[in-house]
Each structure stands twice: as C-alpha cells, then as structure tokens.
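Q: I have a structure here, written as structure tokens, and I will follow up with some questions on it.
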Amino acid sequence: MLTDTQIAREFERLLGAIEAPGVPLDAIARRARQAHQTAANRWTGPKRYVAAAALGVVFAAVALPKIAPSLAQSLEAQTRALLHWTPPPPAPQHVWSAMRPESSTLAAAQGRVAFRIIAPAGLPADVVATSVSIARVGAYSTTTRSWSAGDATVTFSYRRADGRSFRLMAERFDSSAPPPSKYIFNSDVRDARGLPVRYDIFTWRNGDQTMSAVAGDGISSAEIQRIAGAMHGIPIPGVWPPRHTAIEKEYRIP
Amino acid sequence: MLESGPGRVRAPANNLRATTVFLYVDAETIEQARGGGDALEALIAQAWPDAYRVALVILRDRDLAQDAAQEACIALTRSLHRLETPAAFAAWMYRIAVRCALDAARARKRHASFEGVADQNVVSDPTEAIDLYDALASLAPLQRAVLLLHYYAGFRSHEIAAAIGVLPPTVRFHLMRARRRLRAALDAPARAQVSYNEVISNAD
Chain A
96 MLTDTQIARE FERLLGAIEA PGVPLDAIAR RARQAHQTAA NRWTGPKRYV
146 AAAALGVVFA AVALPKIAPS LAQSLEAQTR ALLHWTPPPP APQHVWSAMR
196 PESSTLAAAQ GRVAFRIIAP AGLPADVVAT SVSIARVGAY STTTRSWSAG
246 DATVTFSYRR ADGRSFRLMA ERFDSSAPPP SKYIFNSDVR DARGLPVRYD
296 IFTWRNGDQT MSAVAGDGIS SAEIQRIAGA MHGIPIPGVW PPRHTAIEKE
346 YRIP
Chain B
7 MLESGPGRVR APANNLRATT VFLYVDAETI EQARGGGDAL EALIAQAWPD
57 AYRVALVILR DRDLAQDAAQ EACIALTRSL HRLETPAAFA AWMYRIAVRC
107 ALDAARARKR HASFEGVADQ NVVSDPTEAI DLYDALASLA PLQRAVLLLH
157 YYAGFRSHEI AAAIGVLPPT VRFHLMRARR RLRAALDAPA RAQVSYNEVI
207 SNAD
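Below is the structure:
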C-alpha cells in the first residue's frame, strides 16, 4: 500500500510534469479591469444591498431554473435567508436615469442637497485623488409597489497610491428611518457555497448628515473608524437582520 | 536538503508537514508587487505555472484550467494588499487557485457536464506521473482539491477547511475517502504487475 510520503511524492511528480502555457498577462490585465469596473458599478451601501442582492436573487430565481431547478431553488432560498430580505423589482428606466451620478464640486453639491455637508477628515495618508459626485436615490414603496426618484446623496470617491479605491456616501439624516443595516452583500463576490460575500458597513452622523462606508478591498474597518473619529461623528450602530420599512432605497454608484 | 529553481524551492517529499513543494517569493518581491507595474507582472509570472497546474489537476480540462488560473491571478492583483505575511504567499496563492478551480468546477456542473471529456495528455512526459493523474479521475473536484492541498501544499485539515469553505471534520472525511480511493486506484496496476511477475516466475 502506498504511504503518505509516496502519495506526496507522486503529487510532486505530477505537478512538476505538467507544462504550463505562457503567462497570458494581457488577458489577465483585461479581465482584471473588467472585474474592477463591474464591481465598481454594482456596489451598494446601507440598504444599497438592494442592487447587489437583486442581481443575485434574480440570477437564482430566473436564470438557474432553466438549467438546474433544484439547485436554483436551494440557492435562492439560501440567498433570501442570508439577506433576510426579498428584493424589489428593478427600477423603471426613468427612475434609473434620474439616479445617474453626476460629477460635482463640494460647493455645487451643497446647493443641491437638503443637509449641511460635512467633508470627510482623517483620510488614509496614501489617498492620491478625490472626486465628488451627486446622485438621487431610488425609492421603492413596499405599500404602493412603485418606484420614484428620492433625495440627492453625495459620494466622495478616493483613489489610493496602490490603485485601490473607496467611497464615502453622505445623505440626509432621517430620524424616522430605522437603524442602518450592519452588513452589505456583493453578488459579484461569492463564497465557496456560491452565496454573496458579506461586508461590514459603518455609519455615523454629523448634524443632519449621515455618512457611511463599506469595509473591503479599498479600505479597512480600522481606517473607516479613524475617519469617523476625525470627523467627530456619532456612530449609528447597524442592526442585523435589517429592519424592513415602507420605503426601500436603491443607490446608483458612480 | 533543498533543491532550488527559478522562483521555486523544492523540499524533500518525506517532509510532508513542511509544505512539500512551494512557490517561493521573497518579501521584497511582494512589497514591490504591491505597487503594481512590472513588479506585479513579475509576481504573476511566478505564480502562474503553479496556479495553472493546481487548476488542471482539479478540473482536468486545459481551457477551464487556464480560465481558473487567470481568475486566480486577477484575485492576486486585487487582494495582494491584504496579504499580511509575505512568507505565507505560497499558501495564500494555493488557496486562491484552489478556490478559483472549485468555482469553475461548480459553474461547469451548473451549465453542462464536461466531466467526460477531460484531457488525458496533460503532462509533458507521459511516462511520468500519468498514473496519479488517471487515478484522480475517479474523484470529485472537491476531493482532488483536498488531496492536492494536503499532499502537495502541505496544508492541515483546518487550513484546507478554511481554504475551501467547509468544516474540518468534512475535510477529514473527504481526505479519508479520497485517500482510500486513490490508494485503490494506484495500487491496482502494482497488484497487476505483481501477478504478472508471479506468473513469469512460476513459468520459469
């Protein structure tokens, strides 16, 4: 009988005997750019998991049954259980168009929002580029089951020296709104079970502004907390499972 | 005794616990690669062959293996900044390569079954290592991944569990079953050879 050592040696021989093709650097670079672009377009924030989850659930509910009904039902059920939430239908074109982000300046953005903008402070030292954009939020009424374009939000986008990027989103504080979600799910990044991967969201308040950020590839939880601290923001603890409201919000990210 | 090669250090196979074969990249190279550019491309070039080999052993399909290895390299570029210990680069890269290969295996299973058309002539010298490749055909991709991480990358069960997203007892179960099937498959030709020799010997 083969010993563990012999099996290990066989594996070593097998992999050593496999001739790898040349490194397709161009293809890797192209696909990396595409993946980055897709992820950037699909990010969602507190209650912004709408878009991400919708993609995941729509994929599970619509696409998969045609090829693997039992697997799709299982994945859909697992995804719904994971998110504690059922996504609304996609926003109609006129609402989606109204949600399109526009480049702006801090002064111009201030003239278009109904809250006093407090600019971020305590940013990581390696931030090399900043941009500001403004976009209206999509609001879905779970009672009337209809979409409309809601308040404007301001997004601060940052690029770091190593190419990573992250965003901070500011919007009007709504005292009647339930606490923000503690987590966000990105349907573009799946775990070993095929479910969307979970990220932490941090939310804090300055006056009538609420700012939020998602910890992930671009920025760590500690760095976000440093920003919130430097802004003297009041943390708004996230809850999980998320509280359901009459209005579901969807954000279109620049 | 270590046998060095370009970008690799090969340890003796009897030292199973000390990562039998590993992709060696020094800390300075990784630090430089974090800045992108040529250094990152050089790191991808070093990681690529093993990412491809690992994917091929799991997927048994050259096109899918190339695709999975490319995904692994993309994940490398995206997540390199999160690698806290440069010395753990090899284990980290194997983990990524295995995950990408298993993702590809799952996608293949969802969309169509290509299991029956796996490549056979995958090694440069068909007289070498082909037995193990054939023997692995009887296993599921997940079991191949478990065996690969255990015997090739030298992972322990809890490390394999973290890499493939299952519990350690599940890994131990897969390892036990896969090892048993692999031994049976690998021992069969040996038994046949013994019988043949016995016949010759008796004939003499």
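If you read the sequences in order, they're chains A and B.
Read in order, the letters of the first sequence are residues 96 to 349 in this note's numbering.
Read in order, the letters of the second sequence are residues 7 to 210 in this note's numbering.
Heads up, the beta-carbon is just placed ideally off N, CA and C, and yes, glycines get one too.
Computed from a predicted structure; not experimentally measured.
For a contact meaning CB atoms closer than 7 Å, what does Arg126 (chain A) contact in chain B?
A: Result: Gln76 and Ile80.
Q: Can you grab the Cα-Cα spacing for the pair Glu266 (chain A) / Arg293 (chain A), in whole Å?
A: Those two C-alpha atoms are separated by around 23 Å.
Q: Helix, strand or coil: which one does DSSP assign to Pro132 (chain B)?
A: For Pro132 (chain B), the predicted model reports a pLDDT of 44, less than 50, meaning its position is unreliable and no value from the coordinates is stated.
Q: Is it buried or exposed, Thr237 (chain A), if we count other Cβ atoms within 10 angstroms and call 16 or more buried?
A: Thr237 (chain A) comes out exposed.
Q: Span of the alpha helix (DSSP H) holding Glu34 (chain B)?
A: Residues Ala33 to Arg40.
Q: Hey, how far is the Cα of Gln205 (chain A) from the Cα of Gln304 (chain A)?
A: Looking at the two C-alpha atoms, the distance is approximately 12 Å.
Q: When DSSP labels each residue in this structure, what does Gly324 (chain A) get in the three-state scheme?
A: Looking at Gly324 (chain A) - three-state DSSP - the assignment turns out to be helix.
Q: Between Val123 (chain B) and Leu109 (chain A), what straight-line distance do the alpha-carbon atoms span, to the nearest angstrom?
A: Because the pLDDT of Val123 (chain B) is 40, which lies under 50, any placement of that residue in the model is unreliable, and the question is left without a value.
Q: Can you tell me whether Ile329 (chain A) is buried or exposed? The criterion is at least 16 other CB atoms within 10 Å of its CB, across all chains shown.
A: By the 10 Å Cβ count, Ile329 (chain A) comes out exposed.
Q: Which term fits Trp242 (chain A), buried or exposed, when burial requires 16 or more other beta carbons within 10 angstroms of its beta carbon?
A: By the neighbour-count rule (16 or more Cβ atoms within 10 Å), Trp242 (chain A) is buried.
Q: Between the beta-carbon of Leu108 (chain B) and the beta-carbon of Ile170 (chain B), is there less than 8 Å?
A: The answer is yes: Cβ separation under 8 Å.
Q: At least one CB of chain A closer than 8 Å to the CB of Asp193 (chain B): is that the case?
A: Yes, because at least one Cβ of chain A sits closer than 8 Å to the Cβ of Asp193 (chain B).
Q: Could you please give the first and the last residue of the uninterrupted beta strand (DSSP E) stretch that includes Tyr58 (chain B)?
A: Per DSSP, Tyr58 (chain B) belongs to no beta strand (DSSP E); it is in the alpha helix (DSSP H), Gly43 to Leu65.
Q: Find out if the Cβ-Cβ distance for the pair Ile102 (chain B), Leu120 (chain A) is shorter than 8 Å.
A: No. Outside cutoff.
Q: In whole angstroms, what separates the C-alpha of Val227 (chain A) from that of Met264 (chain A)?
A: Those two C-alpha atoms are separated by around 10 Å.
Q: What does Gly258 (chain A) touch in chain B if you count any residue whose Cβ is under 8 Å from its own?
A: Going along chain B in sequence order, the residues near Gly258 (chain A) (Cβ under 8 Å) are Gly42.
Q: Give every residue of the same chain whose Cβ lies closer than 7 Å to the Cβ of Asn203 (chain B), excluding the five residues on either side of it in the sequence, and list them in chain order.
A: Low local confidence applies: a pLDDT of 37 at Asn203 (chain B) is under 50, so the model's placement there is unreliable, with the coordinate-based value given in what follows. Answer for Asn203 (chain B): no residue qualifies.
Q: Can you tell me whether Gly41 (chain B) is buried or exposed, with buried defined as 16 or more other CB within 10 angstroms of its CB?
A: Counting Cβ neighbours within 10 Å, Gly41 (chain B) comes out exposed, since fewer than 16 surround it.
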